[in-house]
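Novice:
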Amino acid sequence: MDQEELSKLEARCIQEQPAACVAACPVHVDARAMAAAIAKGDFASAAKIFKKSVPFPGIVSRICDHPCQAVCKRDEAGEAVSVRALEKSCLDWAAKTSDSFFLPPAKATRIAIAGGGLSGLTAAFDLAKKGYTVEVFEKESRLGGSLFHLSREQLPEEVIAADLQALEKVGVTIRTNVGVGQDISLEKLCRDFDAVYLASGEQPEGGLSLGVDGAGQWIIDPLTLATTNPKVFAGGSLRRLPQNRSPIESIADGRRGAVSIDRFLQKVSLSASRTGEGSQKTRLFTSLEGIEPLPVVAMSSGATGYSKEEAILEAKRCIQCQCLECVKVCEYLNSFKSYPKKYVRRIYNNLSIVMGHRHANKLINSCSLCGLCKEVCPEDLNMAMVCHAAREIMVDSGRMPPSVHEFPIRDMLFSNSEKFALTRPQPGSSASTHLFFPGCQLSASSPDHVRKTYDFLCENLDGGVALMLRCCGAPAQWSGRAELFSDSFKNIVSQWEQMDRPRIILACSTCYEVFKTHLPQASIVSLWEVFDRSALPRVARDSSAPVRRLAIHDACSTRHEKNIHDSVRNILQKLGLEIEELALSGEKTECCGYGGLMFFANPELARSVITRRIGQSECDYLAYCAMCRDYLASAGKRTWHLLDFLFGPPPDDFARRKGPGYSVRRENRARLKNALLEELWGDTPVGKEKYGMIRLKISEELRETLERRQILDSDIRQVIDFAESSGTRLFNSRTSHYLAHWKPAALTYWVEYAPSEGEFTVFNAYCHRMELTEGVRS
Amino acid sequence: MKEKEAVPAQPEWICSRCGIALEVGKVDVGYLGSVFPVDLYRCAKCGQVFVPEELAEGKMAEVEKLLEDK
Ligand code: SF4
Ligand code: SF4
Ligand code: SF4
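Those sequence lines, one after another, are chains E and S. Its first residue numbered 472, the first sequence is counted upward by one per residue in my numbering. Its first residue numbered -3, the second sequence is counted upward by one per residue in my numbering.
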């Protein structure tokens, strides 16, 4: 992932795009922020926001032709927000302040403005605020131009007068009764001034010796308002047909002309990076889901404006347009309190740090890599891809914090050691048309189901069903250890090839995804499709389940596997069970908190992911991935595994069982292998290490602590084995406990224990990564 | 890691091998290339060190995390 790719990804997220109203407003009044302030009753802040973008707020709030309202998203749920009325309300209800302007030192550079209407006056105001010496030439006896064609009721003269005072404050010189082209020539203005802005409403008779097009209209560049005379710029109503004239467009032209004149005088590019000026379309997406349609709030006082209360109500109708589609559905994105555009930037910065604290490590490692964000993002931004690529870079550069994923990686290595790994053809046959790969987690959670499933497959499929017990390598893959993953996966591939490439039956959704991605040449099928296509096991057909209705939790790694979703549903139907679909299911399913090793990087987050997921239905849940089942059940949700019903009938409280702890998971795998070896293949089971014989007594309470600290019984056994054989241990004469430590690999484990009649009672255990340099020092 | 992480009171643990009480002494504690001399109780004779649970779960875990993110 290089800088360029990253900026591209960052740019995909549209959350920072302006709301439709803000983009459409030619001077970009932040109507969204203004409405937010009014909704809180904070009219003063609202007025400040409004005045920041417009030169003559009193006038604009009364006569603006509000292109913002034409595109307001609220229109699709009721009616557009009355943005202009809200502008007026914030002037009406904010405490009156006299605005003062900070002016830079005056510049001698002189600018002439021809025309004292909204466009000319805006240009005059903007340029004077920059310190230029500005003179306005108006052919009538007063400023305002076409403003005086409006009804006095709509625009009282005092409002005009009050707004135009700002011109005095910034030191603009006004020359009334001087018509450019009549009383003073353009040539003279060009001689006496450094730049000229023409905004006389109409193109004066005679054309003022500027280049014209075929229709006799001045040639004006729409981006810069430059004419054919480099000193002269022109804008406002004079460049629009009568039906297209708009007060706010005239003001925007004045602003645009002022920017051009300033650039011209500073001798910088007139056209560089000006795409943001003027009315725009936004790329922002805003969902209207759950937004109740509401009509516009009526004005009780007739047309004069909103009361405070009405204004607040109207402002509350603004839906505060933003995207956040992904943040709404992803607890991970939500928990870091921002959105992908910012996250991608943070991740990039994190990867570029050479020295110093890497603040985004946790951000990178907490994502479950489930890909739901991409499903809901209008721009298909996939944070899973970003986080996974970042992990690989961290691993490659030796910057991955060792503690984050080491435990699940050790678990994977265990599963691929002789303790669990096993590949055999079906007993009594040498050829294999199928290979059953149950996966390490189903074998750890319900070894019994693996055994029954294998028996079922052997009975029902012809040509020999081989068995392969291992881990597919997902933990290595998720943690960014690409090399470790491919080394481990190579073993699977070569054994599969030796067996003459049998069709692979996968019981675990994650294995399925791994095989599909990394062994595309193999024919693979999920166990659920196999069950769906064959007659269900007799016990399943003959018995009735203790539940009627189940909410399906699809595994996130099956997101795009419609065949698996369908098979699971078909099986449930055949079993006579009713199905409830969760709002987020199928291709929009959520992760259970195990994916991407989220739980190991951020257990608190994984817990809130689980809590959120289990709150979505009262029904018992049904999972078809052992990890999903155990994770959802860990928070007390009644959750079944599909196999519970296939080899049922399960007792009712089976849905409540907690998954086994880390040590038991390993033991289950080891026992499964040995049982199968002995019973199916009549082979000698794999022996335990010597320390494996040590018998431990551990209280329930301590069990929980050990799980949290990720300390296995085998770790404890090794410490005791070392302490007892070497005599290296501490002793407490009051309690008669021993305390010993041992460092089998990266971690140092401490165990407090006491021997009693052939076993060891364990009172405490803890570990650390910091290494001790022991030995006597003087 | 500071050298003197508020050394706690004399622990009840004694070195079982040498049969003597532990004494405070400097022990090098390192992680990811950083090494800190820390005052820890240890056996003055055989060098066996005592790391209390609070230190492992507290300060040590904190420093580990800090060094990992550096
Ligand atoms: S869904 Fe998320 S990533 Fe996509 S544009 Fe919206 S906020 Fe950005
Ligand atoms: S709903 Fe609010 S933020 Fe959205 S377009 Fe309308 S005024 Fe703007
Ligand atoms: S947890 Fe899933 S939805 Fe959330 S950012 Fe990661 S991949 Fe996307």
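Where a beta carbon is used, it is the ideal one built from N, C-alpha and C, also for glycine. Nothing here was measured: the structure is a model prediction, and the numbers come from that model.
List the residues that DSSP assigns as beta-bridge partners of residue 938 of chain E.
Specialist: BP columns for residue 938 of chain E point to E:895 and E:907.
Novice: Strictly by DSSP, which residues pair up with residue 1227 of chain E?
Specialist: Partner(s): E:1230.
Novice: Taking residue 670 of chain E and residue 497 of chain E to be in contact with their CB atoms under 8 Å, please state how far apart those CB atoms are, rounded to whole angstroms.
Specialist: Between residue 497 of chain E and residue 670 of chain E the Cβ distance is about 15 Å, and since that is not below 8 Å, they are no contact.
Novice: Residue ranges of each alpha helix (DSSP H) run of no fewer than 4 residues wholly in the stretch 685 to 746 of chain E, ordered along the chain?
Specialist: With a minimum length of 4 residues, the continuous alpha helix (DSSP H) runs that stay inside the stretch 685 to 746 of chain E are 718 to 737.
Novice: Under 8 Å between C-beta atoms, does residue 57 of chain S make it to chain E?
Specialist: Interface residue, yes.
Novice: Decide if residue 830 of chain E is buried, meaning its Cβ has at least 16 other Cβ atoms within 10 Å, or exposed.
Specialist: Looking at its Cβ environment, which holds fewer than 16 other Cβ atoms inside 10 Å, residue 830 of chain E is exposed.
Novice: Run down chain S in chain order and give the residues with a C-beta less than 7 Å from the C-beta of residue 872 of chain E.
Specialist: The contacting residues are 64 and 65.
Novice: Just by C-beta distance, which residues in the stretch 1221 to 1234 of chain E are closer than 7 Å to chain S?
Specialist: Those residues of the stretch 1221 to 1234 of chain E that come within reach of chain S (Cβ to Cβ, closer than 7 Å) are 1221.
Novice: Indicate whether residue 975 of chain E and residue 995 of chain E have their beta-carbon atoms separated by less than 8 Å.
Specialist: A contact, by the Cβ cut-off of 8 Å.
Novice: Within the same chain, show all residues whose beta-carbon is closer than 6 Å to that of residue 1270 of chain E, passing over the 5 residues directly before and after it, in chain order.
Specialist: With chain E covering only 472 through 1249, there is no way to say anything about residue 1270 of chain E.
Novice: Under the three-state reduction of DSSP, which class applies to residue 114 of chain S: helix, strand or coil?
Specialist: Here chain S has residues from -3 to 66 only, and residue 114 of chain S is not among them.
Novice: Excluding sequence positions up to five away, which residues of its chain have a Cβ less than 6 Å from the Cβ of residue 984 of chain E?
Specialist: Around residue 984 of chain E: 1028.
Novice: With burial defined as no fewer than 16 other Cβ atoms inside 10 Å of the residue's Cβ, what is the status of residue 629 of chain E: buried or exposed?
Specialist: Burial call: exposed.
Novice: Inspect the CB distances between the stretch 844 to 855 of chain E and the stretch 790 to 797 of chain E and report whether three or more fall short of 8 Å.
Specialist: Counting Cβ pairs under 8 Å, three or more are found: they touch.
Novice: Taking Cβ positions, are residue 557 of chain E and residue 528 of chain E nearer each other than 8 Å?
Specialist: No, these two residues do not count as a Cβ contact at 8 Å.
Novice: At the level of alpha carbons, what is the spacing between residue 1252 of chain E and residue 519 of chain E?
Specialist: Outside the shown range of chain E (472 to 1249) lies residue 1252 of chain E, about which nothing can therefore be said.
Novice: Say the cut is 7 Å; is the CB of residue 1065 of chain E nearer than that to a heavy atom of ligand 3?
Specialist: No - ligand 3 has no heavy atom lying nearer than 7 Å to the Cβ of residue 1065 of chain E.
Novice: Considering Cα atoms alone, identify which of E:1004, E:536, E:578 and E:708 is closest to residue 625 of chain E.
Specialist: If we check each option's Cα against that of residue 625 of chain E, E:536 comes out closest.
Novice: Going by the CB atoms, is the gap between residue 937 of chain E and residue 973 of chain E shorter than 8 Å?
Specialist: Going by C-beta atoms, residue 973 of chain E is nearer than 8 Å to residue 937 of chain E.
Novice: For residue 54 of chain S, would you say it is in contact with chain E, using Cβ-to-Cβ distances shorter than 8 Å as the test?
Specialist: Not an interface residue.
Novice: Ordered along the chain, which non-local residues of its own chain (more than five positions away) have a Cβ less than 6 Å from that of residue 517 of chain E?
Specialist: Excluding residues within five positions, the ones whose Cβ falls inside 6 Å are 505, 508, 509 and 561.
Novice: Report yes or no: is there a C-beta of chain E within less than 8 Å of the C-beta of residue 20 of chain S?
Specialist: Residue 20 of chain S does not count as touching chain E.
Novice: Show which residues of chain S have a CB atom less than 8 Å away from the CB atom of residue 1205 of chain E.
Specialist: What residue 1205 of chain E touches in chain S: 8.
Novice: Give a yes or no on whether the minimum CB-CB distance between residue 35 of chain S and chain E is below 8 Å.
Specialist: No, no contact with chain E.
Novice: Using a Cβ-Cβ cut-off of less than 9 Å, list which residues of the stretch 811 to 842 of chain E approach chain S; keep chain order.
Specialist: Within the stretch 811 to 842 of chain E, the residues whose Cβ lies closer than 9 Å to some Cβ of chain S are 826, 827, 828, 829, 830, 832 and 833, listed in chain order.
Novice: Between residue 544 of chain E and ligand 2, is the CB less than 7 Å from at least one heavy atom?
Specialist: Because some heavy atom of ligand 2 lies under 7 Å away, the Cβ of residue 544 of chain E counts as near it: yes.
Novice: Using a Cβ distance threshold of 8 Å, determine whether the stretch 701 to 712 of chain E contacts the stretch 590 to 600 of chain E, with at least three qualifying pairs required.
Specialist: The stretch 701 to 712 of chain E is in contact with the stretch 590 to 600 of chain E.
Novice: Going by DSSP, which residues form a beta bridge with residue 24 of chain S?
Specialist: The partner list for residue 24 of chain S (beta bridge, DSSP) reads E:1244 and S:33.
Novice: Does the distance from the C-beta atom of residue 548 of chain E to that of residue 755 of chain E stay below 8 Å?
Specialist: No.
Novice: Are there 16 or more other CB atoms within 10 angstroms of the CB of residue 486 of chain E, so buried, or fewer, so exposed?
Specialist: By the neighbour-count rule (16 or more Cβ atoms within 10 Å), residue 486 of chain E is buried.
Novice: CB residue 920 of chain E to CB residue 928 of chain E, shorter than 8 Å?
Specialist: In this structure, residue 928 of chain E does not lie closer than 8 Å to residue 920 of chain E by Cβ.
Novice: Quick check: residue 1236 of chain E and residue 1187 of chain E, are their CB atoms within less than 8 Å of each other?
Specialist: Yes, the pair counts as a contact, with Cβ atoms nearer than the cut-off.
Novice: Find out if the Cβ-Cβ distance for the pair residue 806 of chain E, residue 1101 of chain E is shorter than 8 Å.
Specialist: No; because the gap between Cβ atoms is not below 8 Å, this pair is not in contact.
Novice: Give the secondary structure of residue 956 of chain E by DSSP, where H, G and I count as helix, E and B as strand, and everything else as coil.
Specialist: Residue 956 of chain E: helix per DSSP, three-state reduction.
Novice: For residue 659 of chain E, count neighbouring Cβ atoms within 10 angstroms of its own Cβ and tell me buried if that reaches 16, exposed if not.
Specialist: That one is exposed.
Novice: Apply the 10 Å Cβ neighbour rule to residue 1010 of chain E and answer buried if 16 or more other Cβ atoms are within range, or exposed otherwise.
Specialist: When all chains shown are included, residue 1010 of chain E counts as exposed.
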